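Protein chains: 2
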Amino acid sequence: MSRVQRKRDERVRRIVAVAAEVFGERGYEASTLEEVAERLDVTKGSLYYYFAGKDELATAAIETLGTDWTERLEALATSTGDRPRDERLRALLREHIAIAVHEYPAALRLFLVPDSWPAALRMRIRELRRRHDLVFRREITAGVEAGDFAVVSVDATLQAMHATMSQAPLWCAHLAAEAREQAIDDLADTLVRLVSSPR
Amino acid sequence: MSRVQRKRDERVRRIVAVAAEVFGERGYEASTLEEVAERLDVTKGSLYYYFAGKDELATAAIETLGTDWTERLEALATSTGDRPRDERLRALLREHIAIAVHEYPAALRLFLVPDSWPAALRMRIRELRRRHDLVFRREITAGVEAGDFAVVSVDATLQAMHATMSQAPLWCAHLAAEAREQAIDDLADTLVRLVSSPR
DNA sequence: CCGAACTTTGACCCAAGAGTCAAGAGATGA
DNA sequence: TCATCTCTTGACTCTTGGGTCAAAGTTCGG
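Chains U and F are the protein sequences, given in the same order.
Following the UniProt record's numbering, the numbering of the first sequence begins with 1 at its first residue and continues without gaps.
Following the UniProt record's numbering, the numbering of the second sequence begins with 1 at its first residue and continues without gaps.
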């Protein structure tokens, strides 16, 4: 790959990262290309050299963010060693929430639907979410089949976990640093109880 | 109150209801007064006779919706009779989710922060949420003190419940009618496990 | 150092949507 | 029926923000 090509890629990556930030903070409608450009110390027109328009930029932002995010979770799942199922699930939940809170503080807002994303984007978001859920779904069903876990319904359990995780960054944003770490632990511990057999 | 006065109030109520619908469906930014007016079979200008502007209308919508919603939950809490604590909590959760899904399908979107509501509104939203949480907080702490419930952290538990409930309408929207009822039950059953002592 | 390819700029266009208002249409009540 | 008060209209302005583009600036290989 030529030097020029590489530079371009780097540029694109940077733009997408900043765009993801803005879209994450403001939602689709309230984000302006002007602001994205400003944060990059560039003018709006320049963005159009790389992207056809707002939609395309938003798509790229979601695509990248969502993929990074999901791949990271999948990697986590394979790298987390063998241990009692509940401990394993807890570790996964904890790490996952921690990553969300620390590294993608605004990212998950992209995955809350209420904002009116363009229709094409919404489908892509749903797809990413499915892949994302799959990691936890596997853990849960395996645990249930082995008799280590008991759930009312796998779907409802996933739904509850997903909802909680996706709103965690919002909640934790208010808290001071130490309280935040505590909150992450608490959330993970709390969510594990969803799969443990009741007394 | 004069006949005229009453008519005006009725008019205002109607406007606010429709506005809440639109804001709920589209979010703040993507909603237009034009659309609100259209659904009312009126022109935009007419709205300005009753409200100073978009912000004020949105505030009124959130205020009304949030208050109705919260009062309804509070009423539910006092009307739900004495029974074992977990059954009581389950009933509350179930009813609450059911109301959300059936009667305010879009309403809770108003209470998800990601959309950029005007700053003044956000505070009001937070306040309503606090009042809203209080109902469940009371149930939980009472249960914990009595030794019937065990939680990792009351705050984390509330957070998980709130997140799940607030996203329930979105989830249930995809489902067919019977599946929806089942989903509501499952969610309630699932959430109750958050407070039951683990094995 | 030159020319070609790549990149950025800023002025510009345009549509959408918030907000205004004078004029008129309805109600109301004496 | 007239006078007044209430309400609605639709045409208007103004701002914002997406999108375009020719011209200027930058980079790079030869």
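For each residue, glycine too, the CB sits at the ideal point set by N, CA and C.
Since this is a predicted model, take the numbers as computed values, not measurements.
Check	Outcome
Chain-ordered neighbours of residue 177 of chain U on chain F, where CB pairs are closer than 8 angstroms	Near residue 177 of chain U there are no residues of chain F at all, since even the closest Cβ is about 17 angstroms away, more than 8 angstroms.
Residue 132 of chain U - DSSP class collapsed to helix/strand/coil	helix
Backbone CA spacing between residue 21 of chain U and residue 27 of chain U [nearest angstrom]	10 angstroms
Within chain F, the residues that residue 152 of chain U reaches when beta carbons sit closer than 8 angstroms	186, 189, 190 and 193
Residue 136 of chain F to residue 33 of chain U span [Cα, whole Å]	42 angstroms
Distance, residue 44 of chain U Cα to residue 106 of chain F Cα	35 angstroms
In chain order, each alpha helix (DSSP H) run of at least 4 residues that lies wholly inside the stretch 136-174 of chain U	154-173
Three-state secondary structure (DSSP) of residue 46 of chain U	helix
Interface residues of the stretch 151-173 of chain U facing chain F [CB-CB below 9 angstroms]	151, 152, 153, 155, 156, 157, 159, 160, 161, 162, 163, 164, 165, 166, 167, 168, 170 and 171
Beta carbon of residue 193 of chain U nearer than 7 angstroms to that of residue 89 of chain F	no
As assigned by DSSP and simplified to three states, the class of residue 69 of chain F	helix
Per-residue contacts from residue 183 of chain F into chain U (C-beta, under 9 angstroms)	153, 155, 156 and 159
7 angstroms Cβ cutoff met for residue 189 of chain U and residue 144 of chain F	no
Test item: CB-CB of residue 18 of chain F and residue 47 of chain F under 7 angstroms	no
Span of the alpha helix (DSSP H) around residue 85 of chain F	85-103
Near the ligand FAD: residue 86 of chain U beta-carbon under 6 angstroms from a heavy atom	Ligands displayed in this structure: none; no statement on the ligand FAD is therefore possible.
Whole-angstrom distance between residue 68 of chain F and residue 50 of chain F, CA atom to CA atom	21 angstroms
Whole-Å CB distance - residue 164 of chain F paired with residue 140 of chain F, under 8 angstroms assumed	Actually they do not touch by this definition, with Cβ atoms about 15 angstroms apart.
Cut-off 7 angstroms between Cβ atoms - residues of its own chain near residue 130 of chain U, not counting five sequence neighbours on either side	none
Presumed contact (8 angstroms Cβ cut-off) between residue 53 of chain F and residue 110 of chain F, rounded CB distance	Actually they do not touch by this definition, with Cβ atoms about 18 angstroms apart.
Exposure of residue 16 of chain F, with buried meaning 16 or more beta-carbon neighbours within 10 Å	buried
Pick from U/71, U/183, U/63 and U/7 that is closest to residue 101 of chain U, judged by C-alpha positions	U/183
Where residue 5 of chain U falls, given that 16 or more other Cβ within 10 Å makes a residue buried	exposed
Option nearest residue 203 of chain F by Cα separation, candidates F/30, F/37, F/29 and F/31	Absent from the structure is residue 203 of chain F, since the part of chain F shown begins at 1 and ends at 199.
Residue 208 of chain U: first and last residue of the uninterrupted alpha helix (DSSP H) it sits in	Because residue 208 of chain U is not part of the residues shown, which for chain U are 1 to 199, the question remains open.
Between the CA atoms of residue 42 of chain F and residue 72 of chain F - distance to the nearest angstrom	31 angstroms
Alpha-carbon spacing of residue 87 of chain F relative to residue 55 of chain U, whole angstroms	48 angstroms
Collapsed DSSP secondary structure at residue 41 of chain F in the structure displayed	coil
Exposed unless 16 or more other CB atoms sit within 10 angstroms - verdict on residue 66 of chain F	buried
Beta-carbon proximity of residue 70 of chain F to residue 128 of chain F, cut-off 7 angstroms	yes
CA-to-CA distance, residue 63 of chain U to residue 125 of chain U, given in whole angstroms	8 angstroms
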